[in-house]
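First the structure, in the form of structure tokens, and then the observations on it.
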Amino acid sequence: MVERAEGSYLIDEEGRRYLDGVSSLWCNVHGHRHAGIDAAVSEQLDKVAHSTMLGLSHPGAANLAARLIGLAPDGLSRVFYSESGSTAVEIALKMAFQYQQQRGGQHTRRTSFVHLRDSYHGDTIGSVSVGGIDLFHSAYRPLLFSTHAAEPGDAADLERILNLHEEEIAAVIVEPLVQGAAGMLTHPPGYLRAVRELCDRYGVLLICDEVATGFGRTGTMFACEQEHVSPDLLCLAKGLTGGYLPLAATLATERIYEGFLGAYEEWRTFFHGHTYTGNPLACAAALANLDAFEDERTLERLRPKIELLQELLGDVGVMPEVAEIRSRGFMVGIDLGEHDPALRLGHQVTLEARKRGAIIRPLGDVVILMPPLSISEAELRSLVEITAKSIEAVGFATRVLARDTLAA
Ligand SMILES: Cc1ncc(COP(=O)(O)O)c(C=O)c1O
Numbered sequence: 002m003v004e005r006a007e008g009s010y011l012i013d014e015e016g017r018r019y020l021d022g023v024s025s026l027w028c029n030v031h032g033h034r035h036a037g038i039d040a041a042v043s044e045q046l047d048k049v050a051h052s053t054m055l056g057l058s059h060p061g062a063a064n065l066a067a068r069l070i071g072l073a074p075d076g077l078s079r080v081f082y083s084e085s086g087s088t089a090v091e092i093a094l095k096m097a098f099q100y101q102q103q104r105g106g107q108h109t110r111r112t113s114f115v116h117l118r119d120s121y122h123g124d125t126i127g128s129v130s131v132g133g134i135d136l137f138h139s140a141y142r143p144l145l146f147s148t149h150a151a152e153p154g155d156a157a158d159l160e161r162i163l164n165l166h167e168e169e170i171a172a173v174i175v176e177p178l179v180q181g182a183a184g185m186l187t188h189p190p191g192y193l194r195a196v197r198e199l200c201d202r203y204g205v206l207l208i209c210d211e212v213a214t215g216f217g218r219t220g221t222m223f224a225c226e227q228e229h230v231s232p233d234l235l236c237l238a239k240g241l242t243g244g245y246l247p248l249a250a251t252l253a254t255e256r257i258y259e260g261f262l263g264a265y266e267e268w269r270t271f272f273h274g275h276t277y278t279g280n281p282l283a284c285a286a287a288l289a290n291l292d293a294f295e296d297e298r299t300l301e302r303l304r305p306k307i308e309l310l311q312e313l314l315g316d317v318g319v320m321p322e323v324a325e326i327r328s329r330g331f332m333v334g335i336d337l338g339e340h341d342p343a344l345r346l347g348h349q350v351t352l353e354a355r356k357r358g359a360i361i362r363p364l365g366d367v368v369i370l371m372p373p374l375s376i377s378e379a380e381l382r383s384l385v386e387i388t389a390k391s392i393e394a395v396g397f398a399t400r401v402l403a404r405d406t407l408a409a
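Below you can see the structure in the form of structure tokens.
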């Protein structure tokens, strides 16, 4: 029961402190109880907590849109708000589909999408349709629209699919550089650039889902920057408010925006709007989050911490319990290898970590570390040490169990 938090720590009802090793589900950026974000939200409370963005707007939403456009890869010039990563993706899919429909002619045949195997884009039906993780997605197959799955990191496979189905594809959707929920599956350098070039060659849109990778996680503000890629649609959520409040944004190019213009009775409007879309408190938190990136030189100060993390992980990687470590920036997956799922090794490690003062959450038998960007070097050392000790303890217990079973 988390009752309070400060900086990199969560505090339970008994006052016990735990390092927030996964940034409260990958979204906290500058730590908890950040003075600037706290103040921005309470100042906004003195003005208005919520008013609809359907037919109206508010200064925070407009300012935030301008700031996001300034930070995002070139070519993205329009912002559509919602509340979660899943809705940011739903919106991108619907926009891509409707855009192709409204282009008319042969483009109306572009009703399908390409996604990557093992991809994760959220839990709503559209985002599940472009998802590729059987454990989360297979139960819903009958409800999903059909898509094409390409092999992650393999540009030739994407080209094969585009070649075969070129005329029916509206867009390709990818998590750039790192597929988070797949267990921090990293793509080879140059892959994202190749995906962009293939999309251009085959005339399909590129949707980059930076819900997990955005806001500094891979070392740059957005992962796309590292391969000089500008998508046609960009999905943002999680770290957008520094991990404070639910807010998401789908950014689009002017070309896509213009595809929705017309006389009212032509019905080219993007008919999509959630009640709490662009909530003013959330926009205030997001603006303060972007201020903190500037004022605290977050990305610059992150660089040596990424190097330290790599160094610390070097020792974890050689542990006999660890099969592989995959990481980019502050996104880390410590893979414990293939085991009987009933052993729930990843889960056991998180329980051990909890005893030792850290909250982490695994993906199967991949132990995930994704600390707030503001974590101190000493806290980072402590987080990795707790994780290593927890893995060691679970490894020891598993060996004892195996020996006893054999003896019996
Ligand atoms: C890449 C990616 N897209 C979308 C989502 C869904 O975000 P939300 O949980 O806010 O709906 C996630 C969540 O982990 C994600 O990692």
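Going by my numbering, the first residue of the sequence shown is number 2, and it counts up by one from there.
Don't be surprised by glycine CBs; every beta carbon is placed ideally from N, CA and C.
So, Lys-95 versus His-348, is the Cβ gap smaller than 8 Å?
Residue 95 sits at position 94 when you count from the first residue of the sequence shown. Residue 348 sits at position 347 when you count from the first residue of the sequence shown. The Cβ atoms of Lys-95 and His-348 do not sit closer than 8 Å to each other.
Under 7 Å Cβ to Cβ from Asn-64, same chain only, skipping five residues before and after it: list those, please.
For the purposes of this step, residue 64 is taken as the residue at position 63 of the sequence shown. Only Leu-288 meet the Cβ criterion.
Is any heavy atom of ligand 2 found at a distance shorter than 7 Å from the C-beta of Asp-210?
As far as ligands go, the structure on display features ligand 1 and does not contain ligand 2.
Could you tell me the distance, in whole angstroms, from the CA atom of Tyr-100 to the CA atom of Leu-165?
Position 99 of the sequence shown, counting from 1, holds the residue named residue 100. Position 164 of the sequence shown, counting from 1, holds the residue named residue 165. In this structure, the CA atom of Tyr-100 is about 22 Å from the CA atom of Leu-165.
If contacts are defined as beta-carbon pairs under 8 Å, then Val-171 and Leu-117 qualify, I think. What distance do you get, rounded to the angstrom?
Sequence index remark: in the sequence shown, residue 171 carries index 170 (1-based). Sequence index remark: in the sequence shown, residue 117 carries index 116 (1-based). According to the sequence as given, residue 171 is Ala; it is not Val. The distance from the Cβ of Ala-171 to that of Leu-117 is about 16 Å, inconsistent with a contact at the 8 Å cut-off.
Inter-residue Cα distance where the pair is Cys-28 and Lys-48
Along the sequence shown, read from residue 1 onward, the residue named residue 28 stands at position 27. Along the sequence shown, read from residue 1 onward, the residue named residue 48 stands at position 47. Taking the straight line from one Cα to the other gives about 26 Å.
Please classify Ser-85 as buried or exposed, where buried requires at least 16 other C-beta atoms within 10 Å of its C-beta.
Position 84 of the sequence shown, counting from 1, holds the residue named residue 85. Around the beta carbon of Ser-85, 16 or more other beta carbons sit within 10 angstroms, so the residue counts as buried.
For Glu-7, which residues does DSSP report across the bridge?
Position 6 of the sequence shown, counted from the first residue, corresponds to residue 7. Per DSSP, Tyr-10.
Work out the CA separation of Leu-282 and Leu-46 for me, nearest whole Å.
Counting from 1 along the sequence shown, the entry for residue 46 is found at position 45. Counting from 1 along the sequence shown, the entry for residue 282 is found at position 281. Rounded to the nearest whole angstrom, the CA to CA distance from Leu-46 to Leu-282 is 7 Å.
Where does Cys-225 fall in DSSP's three states?
In the sequence shown, residue 225 corresponds to position 224, counting from 1. For Cys-225, the secondary structure class from DSSP, reduced to helix, strand or coil, is helix.
From Ile-335, Ile-174 and Arg-218, pick the residue whose C-alpha is nearest to that of Gly-365; which is it?
Indexing the sequence shown from 1 puts residue 365 at position 364. Nearest to Gly-365 by alpha-carbon distance, out of Ile-335, Ile-174 and Arg-218, is Ile-335.
Entirely enclosed alpha helix (DSSP H) segments - the stretch 259-346, minimum 4 residues
DSSP assignment within the stretch 259-346 yields the following whole alpha helix (DSSP H) runs of 4 residues or more, N-terminal first: 281-296 and 299-318.
Shortest alpha-carbon distance to Pro-74 belongs to which of Gln-180, Gly-215, Leu-374 and Val-173?
Here residue 74 is taken as the residue at index 73 of the sequence shown, counted from 1. The shortest C-alpha separation from Pro-74 is found at Gly-215.
Could you check if Lys-1 belongs to the surroundings of ligand 1, using beta carbon to heavy atom distance under 7 Å?
Outside the displayed range of the chain (2 to 409) lies residue 1, so it cannot be described from this structure.
Could you give the distance in angstroms between the alpha-carbon of Arg-355 and the alpha-carbon of Tyr-19?
Within the sequence shown, residue 355 is the residue found at index 354, counting from 1. Within the sequence shown, residue 19 is the residue found at index 18, counting from 1. Inter-residue distance for Arg-355 and Tyr-19 is about 7 Å (C-alpha atoms, whole angstroms).
Pick from Ala-97, Ser-43 and Val-230: whose alpha carbon is nearest that of Glu-259?
By 1-based counting over the sequence shown, the position of residue 259 is 258. Closest in alpha carbon position to Glu-259, among Ala-97, Ser-43 and Val-230, is Ala-97.
According to the neighbour-count rule (16 or more other Cβ atoms, all chains shown, within 10 Å of its Cβ), is His-1 buried or exposed?
The question about residue 1 has no answer, for the chain in this structure spans 2 to 409.
Determine the extent of the beta strand (DSSP E) in which Thr-251 is found, giving its start and end residues.
Counted from its first residue, the sequence shown places residue 251 at position 250. Taken as a continuous stretch (DSSP letters only), the beta strand (DSSP E) holding Thr-251 covers 249-254.
With 16 other CB atoms within 10 Å as the buried threshold, where does Leu-384 fall?
Residue numbering aside, residue 384 sits at position 383 when the sequence shown is read from its first letter. Burial call: buried.
Quick one, which of Glu-267, Asn-290 and Gly-37 has its alpha-carbon nearest Leu-248's?
For this step, residue 248 is matched to residue 247 along the sequence shown. Cα-wise, what sits closest to Leu-248 is Asn-290.
Apart from the five residues just before and just after Ile-12, which ones in its own chain have a Cβ nearer than 8 Å to its Cβ?
Counting from one through the sequence shown, the residue named residue 12 turns up at place 11. Within the same chain, Ile-12 has close Cβ partners Val-3, Glu-4, Arg-5, Ala-6, Arg-18 and Tyr-19.
Assuming the contact rule is C-beta atoms closer than 8 Å, Ser-9 and Pro-342 should be a hit. Round their C-beta distance to whole Å, please.
One-based indexing of the sequence shown puts residue 9 at position 8. One-based indexing of the sequence shown puts residue 342 at position 341. About 31 Å; that fails the 8 Å criterion.
Could you tell me the alpha carbon to alpha carbon distance between Glu-339 and Ala-403, rounded to whole angstroms?
Translated into the one-based positions of the sequence shown, residue 339 becomes position 338. Translated into the one-based positions of the sequence shown, residue 403 becomes position 402. Roughly 15 Å separates the two Cα atoms.
Contact set for Asp-292: own chain, Cβ-Cβ below 7 Å, skip 5 residues either direction
Here residue 292 refers to the residue found at position 291 when the sequence shown is read from its first residue. Taking C-beta separations shorter than 7 Å and ignoring five residues to either side along the sequence, the partners of Asp-292 in its chain run Gly-37, following chain order.
Leaving out the 5 sequence neighbours to the left and right, which residues in its chain are closer than 6 Å to Gly-154 when beta-carbon positions are compared?
Within the sequence shown, the letter at position 153 stands for residue 154. Excluding positions up to five away in sequence, the list reads His-188, Pro-189 and Tyr-192.
For ligand 1, any of its heavy atoms closer than 7 Å to the Cβ of Trp-27?
Taking the sequence shown and counting its residues from 1, the one referred to as residue 27 is at position 26. Within the cutoff, so yes.
Cβ neighbour criterion (16 or more within 10 Å) applied to Val-317
The residue you call residue 317 lines up with position 316 of the sequence shown. So Val-317 ends up on the buried side.
Label Val-395 either buried or exposed according to how many other C-beta atoms from any shown protein chain fall within 10 Å of its C-beta, with 16 as the threshold for buried.
On the sequence shown, residue 395 is found 394 positions in, with the first residue counted as 1. Its Cβ being crowded by 16 or more others within 10 Å, Val-395 is buried.
Classify His-138 as helix, strand or coil using the three-state DSSP reduction.
Reading the sequence shown from its first residue, position 137 is the one you call residue 138. Correct three-state label for His-138: helix.
With respect to the beta strand (DSSP E) encompassing Ile-126, which residues constitute its N-terminal and C-terminal limits?
If you number the sequence shown from 1, residue 126 lands on position 125. That residue, Ile-126, is in no beta strand (DSSP E); its alpha helix (DSSP H) goes 126-130.
When DSSP builds the beta bridges, which residues end up paired with Ile-360?
The sequence position of residue 360 within the sequence shown is 359, counting from 1. For Ile-360, DSSP records a beta bridge to Asp-21.
Out of Arg-68, Tyr-82 and Ala-224, which one is the CA nearest neighbour of Ser-410?
In the structure displayed, the chain extends from 2 to 409; residue 410 sits before or after that span and is not available.
Measuring only the C-alpha atoms, how far is Ile-360 from Arg-68?
Taking the sequence shown and counting its residues from 1, one reaches residue 360 at position 359. Taking the sequence shown and counting its residues from 1, one reaches residue 68 at position 67. If I take the Cα positions, the gap works out to 33 Å.
Where do the N-terminal and C-terminal ends of the alpha helix (DSSP H) with Asp-405 fall, by residue?
For this step, residue 405 is matched to residue 404 along the sequence shown. Looking at the DSSP string, the run of the alpha helix (DSSP H) that includes Asp-405 is 378-408.
Reducing DSSP to helix, strand and coil, say where Thr-148 ends up.
One-based indexing of the sequence shown puts residue 148 at position 147. DSSP, read as helix, strand or coil, puts Thr-148 in coil.
So for Ala-1, helix, strand or coil by DSSP?
One cannot answer for residue 1 here, as it falls past the ends of the chain, which runs 2 to 409.
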